[in-house]
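Engineer:
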Amino acid sequence: MSLSTRYNPADIETRWYTHWEERGYFRSVPDAREPFTIVIPPPNVTGVLHMGHMLNNTIQDILIRKARLDGKNACWVPGTDHASIATEAKVVRWLREEKQLRKADLSRESFMDYAYQWKDKYGGIILQQLRRLGASCDWERTAFTMDEGYYRDVLRVFVDLYRRGKLYRGRRMVNWDPEARTVLSNEEVLYNEENAQLFHIHYRLEDGADGVVIATQRPETIFADVAVAVHPDDPRYAHLHGKRLLVPLIDRPVPVIFDTYVDREFGTGALKVTPAHDPNDYELGIKHGLPVIDTIADDGRINDACAYTPIVGLDRFEARKRMKGILETSGHLVKTEDYRTNIGRSERTNAVVEPRLSLQWFVNMSSLGEPALRAVLDEEVRFFPPSFQNLYRTWMENLRDWCISRQLWWGHRIPAWYLNSEPLHQETHVFVATTVEEALDIARRETGNTALTAADLRQDDDVLDTWASSWLWPISVFDGFEKPDGEFAYYYPTSVLVTGWDIIFFWVARMIMAGYEFKGRRPFRDVYFTGMVRDKQRRKMSKSLGNSPDALQLIDDYGADGVRYGLMSSAAAGNDILFDDKLCENGRNFCNKLWNALRLVKGWEVSDAPADPDAARRNALAARWLSGKFQTVLRDVEANFQSYRLSEALLGLYGFVWDDFCAWYLEMIKPDFGAPIDRETLETTLDLFSGFMVALHPFMPFITEELWHQLRERAPGDDCIAQHYPRAGETDNALVRRVETAKEIIAKVRDLRNQHQIKPKEALELWVRRNDNTDDLLREPGLREIVRKLAVLKSFEPCTDEPDDSRSFIVGADQYHVVIEREIDAEAESLKLREELAYQEGFLRSVQAKLQNERFVSGAPAQVVDNERKKERDALERIAIIHALLEKYANP
RNA sequence: GGGCGCAUAGCUCAGCCGGUUCAGAGCAUCUGCCUUACAAGCAGAGGGUCGGAGGUUCGAAUCCUUCUGCGCCCACCA
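Those letters in the first sequence? Residues 2 to 893, per the working numbering, in order.
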C-alpha cells in the first residue's frame, strides 16, 4: 500500500487551493442562477488572522460552498477596512519606533505618504492568510474602504445627508481621547469599575463665613468651576440662597445654584459645577445660564485658562496628585475617601476618556433608526439566534446622534470647506460638496462674493469615523451608488451577514440603517451572529492577553480542515466558544479516519466474479441500510442549514461517517483477509463514499476534494467543489430499524465476549427464541449474514428451547442465547437477572399507571396510547423471560 | 438604577411551541485489545431525581410563578 497511514494535509491543501483558484470556481458574475451573496466583514487592513477571523470566515466559507453546491451563483466579496483610528495609531507608532518621526512634525501629505507605504507593506496580509483557511472568496472583487470609488461613495453620502438636513455641525459635549487627540463615539468608550478617590473640599463663602464641603473625584478641575449646586429642598443648605462661594486658592466667586438634579444622599449633597469637564455639569450650565471655563487641552494637560499656575502644563492625573497636597496644605481638603466608580476608557488607546466641549459633525439619527428597527422586529432582516433582537431593539430605541468626525488624518477627509477669512473651530460658514469646485460655487452663491477662489477656501481637517464608511459596505462593493442598475441589482440585498455580536451597534445596525436610507431595502436577509472565541478561563482571546494561539501555526499543526472542524464542532450561533487545541485534534483525527477509510477501500483486490450468495445478500442490505441512514442525515443537514445550526449539521455528518460508514458499513462489507471484493459492492461503496465527500465538502473542503479524486479517476473539471449537493431521498425506515436491531444484537454478543474474555476470532453459536409479537429479523435477506460476520458467529439460528451452556440476553422482546462452554456462576447470573427484573418491573408499573389513568387513555393521542400499550406488552414479555431464566438458575 | 439571558453527566454543550427515536453528543474516566484501514485507532462499560421550591396538565428538562447562583448589555450620582 503506497498511501501513508497518516493523512498529511500540508501539500494537499495548497495544491487544491491553487487548483480551485485557477479553474475560477470562486469567481462570480451575474447570470441566470439565483445569487447567494456574502460580503466579508472587512478586517482591519493591517490586521493579522486571529481566532475570531478564523471562526467567522470558516462559517462564511461553509455557507458559500454549500450554496455553490446547491447550484446557486455564490459570490463572496472579500476586502479590508482602512480602520481609521486603529491604523493611524499603528502608523504613528511605526513612525516613532522605526523612523524616529513624530506625527506632529509631519505635514498631512507626508503622513499620508507614510501611511500608504505602511499599508502597501503590511496591508492585506490577512487576505493571504484567509486562503490558507480555504476561504473561497471571489478575489477579483477584493475591496478596500478607501478605494477611489468607495471614497467617492462615502463623500457622496455625506453630502446627501447634509443636504437633506440629516447631518449637522455642532458644539457638543463629546468623548475625547487625549492620547489620540480625537473625539470618540459613545460606542468607542468602554466603562469599567476602577478604584478612585473622592475628595471632600471646603469652599468658603464670599463674605468669609463657613461655606460648604463639596465632594469631587477631580480636584484638578476646580478652577473651571462656575457654580456649586445643592438640592432646593436640602435644609442643610437653605441658608445659601443668593450667596456666592469662593473657589479655593484662587478665590474666584461662584454662585450657589439649586437643582433637583443633585442627589442629597451622595457625598455631601453639594456638587461643584464644571460645565467644560462633565456632561451633566454641562447640562446644568445650560439650564442655569452659566459660563464655560475650559482648563484642559486636547492632550489632557492643564491649559493656560486655568487661573492657578502651579498646575498649568501638568497632565490631568499629575495635576490631581499635586492638588491633593496643595489642598491639604491650604487646609481646604477635609478628607478623602476611596471608592469604586466606572471609568470610561478609549477602546483603541485605553486612555481615560475626557468629556470635552467640541465642534464636531453629527448624524441626526431620529429618522434613520425607525425603518431599521422595524425591519428587524418584522423579521425582514432575520437574526440568528433571534435573541439578539432584544439587544438591537433596546439600542435602536435609544439612539443618540452619531458623532462622525475624527481628528485624524487616515480616513475619508470630510468634504466641507470654510472661508480662510473666518476663524478655525468656530461655527462659521460651511460649504459641503464632494469637490472643492462645487464647494466654491456654493460659497460664491451663499456669500454673494463672486470673486472667491479656491484659495479662499480651506477643507475641513477632520476625517470620518470608520463606521461612516463601512456602513456602506454591502452597497458600495457592488457599486450601488454609481451604477444601481448594474451588478448591484443582481447581488443586493446580500443573503447573509456573518459577524460577531460585539459589533451589532457599530456596524450591523448602521448597515441596516444605510440600506433603508440610501437604497430603501435591507442590506441582507439574515444575520448570523458568531460568539466570541474564549480560552479555557473564559477570557476573550486577544493579542494583548497573549492567550490566543497562532492561527497559522494551528493550521500547520492540524490542517485547515482540522481547525475548521475544531471551531465548528462547538460553535452554535451566538454562543461563545471555549477554544481548546483538543477540538482541532478531533478534527485532525477525523481527517485521518477518512483517509484510512480511503486506504481500506482502495487497497482491496477487485474480482469481476459475483460475490457468493451470502456475501451478496449481506452487502446489498448493508448498502441499502447505509444509504437510508444517509438520507436521514441529509434531511437533518438541510434543516440545520436552514436555521444556521452549522455545528449540528457537521456533527450529524461526523457521526454518520465515523460510526455508520466506518465502524459498521465497512466492517459489514469488508472481504476476508486476502479475499477480493466483488465489483458491484466496490462500485456502490465508492459512489456512497463520494457522496459523503460532497456532503462534507463545505465544512472540510481540502480533504474531501482530495478523496473525491482518490476514489475515482475524474475528468478535468469534475471536482468536488463543483458537484451538486446530494438531495435527501426516502428512507426505508423498517429496514433501517431491523439493521439497528441487528447492531444491538452484535453489541450484546461483543459484550459477552468482553465479560468472558473470549478471543475476537473464536466463532460462537447464537440462538434466538422469538416472541410471536415481534418482527422476524431473520426474514430480512442479508441480516443474518451481517450479524454472523460482525459478531463472529459459527451460526445464528432460531430455536425453541434454550441450548446448554448458554448465556442469554434480551433485545426487544426476543431472547438470545450464546453458547459459551465455560462454567456458569449461577449466583452472579442470578444477581444480574434480579437487578434487571427490578428495573423492568418498575418500568412496567409506570407504564401501567398511565394506562390505568382514564384521562390519559381518553386525553392523549391514540398513537401515544398505542405506544404505551406496546411498551407494556414488551415489558411483560421481558419479565416472563427473566423469570424463566431465574427459574433455571435456581433449579439447574 | 433599567433591561436581556443562562443554570442538563467530571468538563463543554445540544434538546426547550409538552407525549414515540427523551434524558442525548463530544471530551474526560474505567475495562479489554498493537485484531493486516486507522493506537490520531478498535470493542465494551459506568456516570445526570435536567439549579431549589411551588403551580398548570392525564403527562413537564420543555409552559407559568418564585427563590438562589452566574453572565451580558444599557445608563453613568459628583
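Glycine included, every Cβ here is placed at the ideal spot set by N, Cα and C.
(1) For Asn-620, count the other beta carbons within 10 Å of its own beta carbon; 16 or more makes it buried, fewer makes it exposed. Which is it?
(2) From Glu-830 to Arg-751, what distance separates their C-alpha atoms?
(3) Find the nearest neighbour of Ala-612 within the set Arg-589, Ile-670 and Asn-590, judged by alpha-carbon distance.
(4) Please give the ranges of any beta strand (DSSP E) in the segment 449-531, keeping only runs that are unbroken, at least 3 residues long and fully inside the region.
(5) Which residues in the same chain as Arg-69 place their Cβ atom closer than 6 Å to its Cβ, once the five residues preceding and following it in sequence are excluded?
(6) Decide yes or no for the touch test of the segment 593-603 against the segment 540-548: beta carbon pairs closer than 8 Å, at least 3 of them.
(7) Spell out the partners DSSP gives Phe-200 in its beta bridges.
(8) What separation, rounded to the nearest whole angstrom, lies between the Cα atoms of Asp-279 and Phe-482?
(9) One question on the structure: do Leu-654 and Leu-697 come within less than 7 Å of each other, judged by their Cβ atoms?
(10) As a quick exercise: from Glu-741, Ala-11 and Trp-17, pick the residue whose alpha carbon is nearest that of Trp-709.
(11) Between the alpha carbons of Val-658 and Gln-849, how many angstroms are there, rounded?
(12) Can you list, in chain order, the residues of its chain with a C-beta nearer than 8 Å to that of Ile-584? Leave out the 5 residues immediately preceding and following it.
(13) I'd like to know whether the C-beta atoms of Val-248 and Ile-223 end up nearer to each other than 7 Å.
(14) Is Gln-724 near the ligand NAD, judged by its Cβ being under 6 Å from some heavy atom?
(15) Suppose the cutoff is 7 Å on Cβ atoms and the five residues either side in sequence are ignored; what does the same chain contact list for Gln-61 look like?
(16) Name the DSSP beta bridge partners of Met-1, please?
(17) Using the three-state DSSP reduction, which class does Asp-82 fall into: helix, strand or coil?
(18) Check each candidate in Phe-200, His-426 and Asp-226 and name the one with the smallest Cα separation from Thr-217.
(19) Looking at the unbroken beta strand (DSSP E) that takes in Ala-376, where does it start and where does it end?
(20) Buried or exposed: Met-2, going by 16 or more other Cβ atoms within 10 Å of its Cβ?
(21) Suppose the cutoff is 8 Å on Cβ atoms and the five residues either side in sequence are ignored; what does the same chain contact list for Trp-508 look like?
(22) The alpha helix (DSSP H) that contains Arg-600, what's its start and end?
(23) I'd like the list of long-range same chain contacts for Trp-410, defined as Cβ closer than 7 Å, with 5 residues on each side in sequence excluded.
(24) For the segment 134-151 against the segment 336-354, are there 3 or more C-beta pairs whose distance is under 8 Å?
(25) Beta-carbon within less than 6 Å of Thr-895's beta-carbon, same chain only, minus the 5 sequence neighbours each way: which residues are those?
(26) Would you mind sorting Phe-525 into buried or exposed? The rule is 16 or more other CB atoms within 10 Å of its CB.
(27) Taking the beta carbon of Asn-176 as the centre, do at least 16 other beta carbons fall within 10 Å, making it buried, or is it exposed?
(28) With distances taken from CA atoms, which of Met-701, Ile-746, Gly-692 and Asn-57 is nearest Gln-724?
(29) For Arg-349 versus Ala-573, is the C-beta spacing smaller than 7 Å?
(30) Candidates Trp-21, Ser-809 and Val-740: which alpha carbon is nearest Arg-780's?
(31) Let's see if you can read the secondary structure: which residues bound the beta strand (DSSP E) around Gln-724?
(32) Pull up the CB-CB distance for Val-793 and Thr-742, whole angstroms please, since I reckon it's below 8 Å.
(33) Along the chain, where does the beta strand (DSSP E) containing Val-160 start, and where does it finish?
(34) In three-state terms, what does DSSP make of Ser-406?
(35) From Gly-290, Ala-228, Leu-886 and Asp-875, pick the residue whose C-alpha is nearest to that of Leu-834; which is it?
(36) To the nearest angstrom, how far is it from the Cα of Ala-804 to the Cα of Ile-747?
Structural biologist: In terms of the structure at hand:
(1) Its Cβ being crowded by 16 or more others within 10 Å, Asn-620 is buried.
(2) 17 Å
(3) Ile-670
(4) 458-460, 495-501 and 525-531
(5) Ala-75
(6) Two segments are said to touch when three or more pairs of C-beta atoms, one from each, lie closer than 8 Å; by this definition the segment 593-603 does not touch the segment 540-548.
(7) Paired residues: Thr-217 and Thr-337.
(8) 41 Å
(9) yes
(10) With distances taken between Cα atoms, Trp-709 lies closest to Trp-17.
(11) 40 Å
(12) It should be pointed out that residue 584 corresponds to Leu in this sequence rather than to Ile. If we look at Leu-584 and ignore the five residues flanking it on each side, its Cβ neighbours are Tyr-566, Gly-567, Leu-568, Ser-570 and Ser-571.
(13) yes
(14) In the structure on display, the ligand NAD does not appear, and there are no ligands present to speak of.
(15) Contacts found: Ile-39, Ile-41, Trp-77 and Val-499.
(16) The structure shown does not extend to residue 1, since the chain is modelled only from 2 to 893, so the question has no answer here.
(17) strand
(18) Phe-200
(19) Counting along the chain, Ala-376 falls outside any beta strand (DSSP E), though it belongs to the alpha helix (DSSP H) covering 367-378.
(20) Any reading at Met-2 is ruled out, since the residue's pLDDT is 43, under 50, leaving its predicted position unreliable.
(21) Pro-42, Trp-468, Ser-471, Trp-472 and Thr-500
(22) 582-604
(23) Glu-89, Arg-109, Phe-112, Met-113 and Val-464
(24) no
(25) The structure shown does not extend to residue 895, since the chain is modelled only from 2 through 893, so no value can be given for it.
(26) buried
(27) Asn-176 counts as buried, since no fewer than 16 other beta carbons sit within 10 angstroms of its beta carbon.
(28) Ranked by Cα distance from Gln-724, the first of Met-701, Ile-746, Gly-692 and Asn-57 is Gly-692.
(29) no
(30) Val-740
(31) Per DSSP, Gln-724 belongs to no beta strand (DSSP E) and is neither H nor E.
(32) About 18 Å separates the two Cβ atoms, so there is no contact after all.
(33) No beta strand (DSSP E) holds Val-160; the alpha helix (DSSP H) holding it covers 149-164.
(34) Annotated three-state conformation of Ser-406 is strand, per DSSP.
(35) Leu-886
(36) One point to set straight first is that residue 804 is Pro, not Ala, in the sequence displayed. The straight-line gap from Cα to Cα measures roughly 19 Å.
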